[in-house]
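Q: For the sequence shown, counting from 1, position 245 maps to 245 in this note's numbering; every step adds exactly one. I have a structure I would like to understand better, so I am pasting it below and will then ask my questions one at a time.
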Amino acid sequence: MKSRLISSATLRLAGTYLAIMLLMSCGFSVAMYKMSSREFDRPAPRLQLHQDDRLGGDLHDIFQDRAEQSRRNLLVGLLLLNGSVVVVGGLLSLLLARKSLEPIENAMEAQAQFVSDASHELRTPLTAMRAVNEVALRNPKLSLAAAKEVIQANSEETIKLQQLSDNLLNLAKQEHAVPPQLTSVELASVVTAALNQVIPAAQAKKIHIDDAVSRSQVIANEAMLTQALVILLDNAIKYSPAKSQIWITNERRGNHELLHVRDNGSGISPKDLPHIFTRFYRADAARSGGNGYGLGLAIAQSLVEQQAGQVSVASQLGKGSVFTIRLKRSLS
Ligand code: ADP
């Protein structure tokens, strides 16, 4: 359903368009009427016909009548023209106003959807915490061990909530951020920085990450590229079985450099693949293990796009995935 704000903005914009059209059409009509009137008001030639002055006078009257008739016809024609401008122009203005406001309407709808998704995600852990707390409070013989369990459960949910709010803040910041400063960045040093952040998670699952990135410079923002790579590596670790392997490689493609993160993890089904970069989309809640909010890839995509790059994915369910960051090569 159209929001009231958009509906009234559409009407106001359509009104403005129509007013402009009417102003132009009335201006044109007045100018045309004035010019034609000047011609009509020009004295008709009094014809001097041989010995018959009366015939000359009659012709003069006929000319005058014709001029008067034409003036009336012109007036009616111009009124009809302006009338049709009101009708046709009104419809056209409405169409034009709708078209002009369509992107704003879409953005507002996306924003509303985002807020509703975010509220839903915030509610889930809050409801869980409240339920656990209420059960504990209703128990008059709550032991110390049981109380500790409640605190532990609450603490886990709080960590999730903090992650979610960090991610939401991250997305909001990126949306309103000024364009980042792009410089020549050494790909290998970005990979090293990202690896330093994900090694503990990889070690916890005994996953080996193979870094085979060769020396290459890209046009990027070092911190943002590192952050995007950390997200891809985090996912690769999260969706891979224990004791598996992840590969980071790069390849030159014309003026661009491709950075691949490949895993032998769960893979993504063709049905889910087109949606995984959408905020809050999770391919399979069970597989995701309730761990994550479906914001990581949306953030990674936004980060890379701000560096004039793209993120893409190729995946086979049950076999693994390759996420690729494509950036412009730096020639310096
Ligand atoms: P999440 O927090 O759920 O990981 P993301 O936005 O990072 O959110 O990812 C969206 C979804 O894409 C995930 O829920 C998961 O189903 C899928 N996905 C992302 N990366 C991988 C991967 N390396 N292997 C398999 N599935 C993945």
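Yeah, the Cβ is synthetic: ideal placement off N, Cα and C, and Gly gets one too. This one's a predicted model, so the numbers in the text were calculated from it and none came from an experiment.
Drop a sphere of 10 angstroms on the beta-carbon of A112, count the other beta-carbons inside from all chains shown, and report buried for 16 or more, exposed for fewer.
A: Per the 10 Å Cβ criterion, exposed.
Q: Quick one, which of V87, I325 and A172 has its alpha-carbon nearest L295's?
A: Comparing Cα positions, the closest option is A172.
Q: From the DSSP output, which residues share a beta bridge with R262?
A: In DSSP, R262 forms a bridge with W247 and V322.
Q: Report the option in R38, S36, S70 and A110 whose CA atom is closest to the CA atom of R279.
A: Of the listed residues, the one whose Cα sits closest to R279 is A110.
Q: Is K238 near the ligand ADP, going by C-beta to nearest heavy atom under 8 Å?
A: Yes, the beta carbon of K238 sits closer than 8 Å to at least one heavy atom of the ligand ADP.
Q: Which of helix, strand or coil does DSSP assign to A286?
A: Summary for A286: the model assigns pLDDT 47, below 50, so the residue's position carries little reliability; its value from the coordinates is reported in the next sentence. If DSSP states are grouped into helix, strand and coil, A286 belongs with the helices.
Q: What number of angstroms, rounded off, separates the C-alpha of V85 from the C-alpha of L5?
A: Using only the alpha carbons, I get a separation of about 27 Å.
Q: From which residue to which residue does the alpha helix (DSSP H) around Q152 run?
A: Run containing Q152: L144 to E175, per the alpha helix (DSSP H) assignment.
Q: Rounded to whole angstroms, how far is the Cβ of R262 from the Cβ of G320, which I believe are closer than 8 Å?
A: That belief holds up - the Cβ atoms of R262 and G320 are roughly 7 Å apart, short of 8 Å.
Q: Compute the beta-carbon to beta-carbon distance between T324 and S312, rounded to the nearest angstrom, for a pair I have assumed lies under 8 Å.
A: That pair is a contact at about 5 Å.
Q: So the beta strand (DSSP E) Q310 belongs to, where does it begin and stop?
A: Here the beta strand (DSSP E) through Q310 covers Q310 to Q316.
Q: Can you list, in chain order, the residues of its chain whose CB lies under 7 Å from that of A286, leaving out five sequence neighbours each side?
A: Because the pLDDT at A286 is just 47, under 50, the model does not fix this residue reliably, and the value given afterwards should be weighed accordingly. So the list is empty, once near-sequence residues are dropped.
Q: So, does the stretch 183-195 touch the stretch 214-224, judging by three or more C-beta pairs under 8 Å?
A: They touch, by the three-pair rule.
Q: In chain order, which continuous runs of the alpha helix (DSSP H) of length 4 or greater are located wholly inside the stretch 181-222?
A: Correct list: 187-204.
Q: For S214, tell me which candidate among A202, I246, V230 and L258 has the shortest Cα-Cα distance.
A: It is L258 whose Cα lies nearest to the Cα of S214.
Q: Is the number of C-beta pairs between the stretch 94-109 and the stretch 4-19 that are closer than 8 Å three or more?
A: The stretch 94-109 is in contact with the stretch 4-19.
Q: Taking the DSSP output, what are the residues bridged to H256?
A: The partner list for H256 (beta bridge, DSSP) reads R253 and K328.
Q: Taking contact to mean 3 or more Cβ pairs, one atom from each stretch, closer than 8 Å, check whether the stretch 201-215 and the stretch 244-253 are in contact.
A: These segments touch.
Q: On a CA-only basis, which of L327, A14 and A118 is nearest Q310? Give me that one, please.
A: Ranking L327, A14 and A118 by Cα distance to Q310 puts L327 first.
Q: Less than 9 Å between the beta carbons of L78 and M35, yes or no?
A: Going by C-beta atoms, L78 is not nearer than 9 Å to M35.
Q: Pairing CB atoms from the stretch 84-103 with CB atoms from the stretch 15-26, are three or more of them under 8 Å?
A: Yes, the stretch 84-103 is in contact with the stretch 15-26.
Q: Can you tell me the Cα-Cα spacing of F63 and L95, whole angstroms?
A: If I take the Cα positions, the gap works out to 46 Å.
Q: Taking the CB atoms as reference points, tell me whether A193 and E157 lie closer together than 9 Å.
A: No, Cβ-Cβ distance for A193 and E157 is not below 9 Å.
Q: Note down, in chain order, each residue of its chain lying with its Cβ closer than 7 Å to the Cβ of N255, except the 5 sequence neighbours on either side.
A: Cβ neighbours of N255 beyond the five flanking positions: K328 and R329.
Q: Are the CB atoms of L225 and L303 within a distance shorter than 9 Å?
A: Their beta carbons are under 9 Å apart, which means L303 touches L225 by this criterion.
Q: Please list the terminal residues of the continuous alpha helix (DSSP H) segment that includes V30.
A: Segment R4 to D41, the alpha helix (DSSP H) holding V30.
Q: Tell whether a beta-carbon distance below 9 Å holds between Y293 and N167.
A: Cβ atoms of Y293 and N167: closer than 9 Å.
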